[in-house]
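J.: Numbering follows my numbering, with no gaps: position 47 of the sequence shown is 88.
Where a beta carbon is used, it is the ideal one built from N, C-alpha and C, also for glycine.
This is the structure I want to talk about, given as structure tokens.
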Amino acid sequence: MKGSCNCGNVSFDVSGNIAGLYQCHCKLCQKQSGSTSNTATIVKESDFKWLSGVNSISHWKKESGFTSHFCKQCGCPVPNRLRESDYFWIPMGLVENVDISITTHLCCSSKAHWDDISDKTIRHNGMPPDLDVFIKSLHNSQISD
Ligand SMILES: [Zn+2]
Ligand SMILES: [Zn+2]
42 MKGSCNCGNV SFDVSGNIAG LYQCHCKLCQ KQSGSTSNTA TIVKESDFKW
92 LSGVNSISHW KKESGFTSHF CKQCGCPVPN RLRESDYFWI PMGLVENVDI
142 SITTHLCCSS KAHWDDISDK TIRHNGMPPD LDVFIKSLHN SQISD
């Protein structure tokens, strides 16, 4: 699946199977998205490829480790490496329309009052207890609850 920022400068391609998306409702993701949450997925580095615009990317890093990478020209959030891992974070709003559902909600305890989570999916009050298990769940269609 291909994705790009609003101005089209930054573009990328993701191969391989993605079973699920997640929404993070923490305050940082609310501000970064300007909305209820970030809707994203996490893919293996080997399944991710930049197509254009890597030099157009700037970033901001909070002391806690939260990072926001964005297109210098249009301000869109863009994919970035998840900490020092072999995984990339993919903001789904940039991706062409694909038939994948949200399977998990994170940081539900800090969601905005006007944010109504009505789907029947896995909910965590904070971050998932085990990041590896969480990433695997996004790639596994057998979602347990
Ligand atoms: Zn752009
Ligand atoms: Zn968040």
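So, with DSSP's three-state summary, where would you put Ile184?
T.: As a working mapping, residue 184 is identified with position 143 in the sequence shown. Residue confidence is low: Ile184 scores 44 on pLDDT, short of 50, so the model does not pin down where it sits. Its coordinate-derived value is still stated next. The answer is coil: DSSP assigns Ile184 none of H, G, I, E or B.
J.: State yes or no: is the C-beta of Cys65 within less than 8 Å of the C-beta of Leu147?
T.: Along the sequence shown, read from residue 1 onward, the residue named residue 65 stands at position 24. Along the sequence shown, read from residue 1 onward, the residue named residue 147 stands at position 106. Closer than 8 Å, so yes.
J.: Per the contact definition of three or more C-beta pairs closer than 8 Å, is the stretch 157-175 in contact with the stretch 85-99?
T.: Verdict: no, contact absent.
J.: So which of Lys161, Asn50 and Ser109 has the shortest CA-CA distance to Gln73?
T.: Numbered from 1 along the sequence shown, position 32 holds the residue referred to as residue 73. Among Lys161, Asn50 and Ser109, the Cα nearest to that of Gln73 belongs to Ser109.
J.: Going by DSSP, name the residue or residues bridged to Thr80.
T.: Sequence index remark: in the sequence shown, residue 80 carries index 39 (1-based). In the DSSP output, where bridge partners are listed per residue, Thr80 has Gln64.
J.: Roughly how many whole angstroms lie between the Cα atoms of Gln183 and Thr145?
T.: Looking up residue 183 in the sequence shown gives position 142. Looking up residue 145 in the sequence shown gives position 104. Legend: pLDDT at Gln183 = 48, less than 50; position of this residue unreliable, value from coordinates given subsequently. Gln183 and Thr145: Cα-Cα distance of roughly 13 Å.
J.: Can you give me the start and stop residues for the alpha helix (DSSP H) that Lys177 sits inside?
T.: Counting from 1 along the sequence shown, the entry for residue 177 is found at position 136. Here the alpha helix (DSSP H) through Lys177 covers Leu172 to Leu179.
J.: Taking one C-beta from the stretch 172-182 and one from the stretch 97-107 each time, how about it: are there three or more such pairs within less than 8 Å?
T.: Touching, no, given that fewer than three Cβ pairs across the two stretches are closer than 8 Å.
J.: Checking 8 Å against the spacing of the C-beta atoms, do Ile83 and Ile141 come in under that value?
T.: Walking along the sequence shown from the start, residue 83 turns up at place 42. Walking along the sequence shown from the start, residue 141 turns up at place 100. It is not a contact, given that the beta carbons lie outside the stated cut-off.
J.: Give a yes or no on whether the C-beta atoms belonging to Gly57 and Val136 are separated by under 8 Å.
T.: Taking the sequence shown and counting its residues from 1, the one referred to as residue 57 is at position 16. Taking the sequence shown and counting its residues from 1, the one referred to as residue 136 is at position 95. Not a contact, by the Cβ cut-off of 8 Å.
J.: Helix, strand or coil for Val95, going by three-state DSSP, please let me know.
T.: As a working mapping, residue 95 is identified with position 54 in the sequence shown. Helix.
J.: Under three-state DSSP, which class holds Gly75?
T.: Here residue 75 refers to the residue found at position 34 when the sequence shown is read from its first residue. It is coil, neither helix nor strand.
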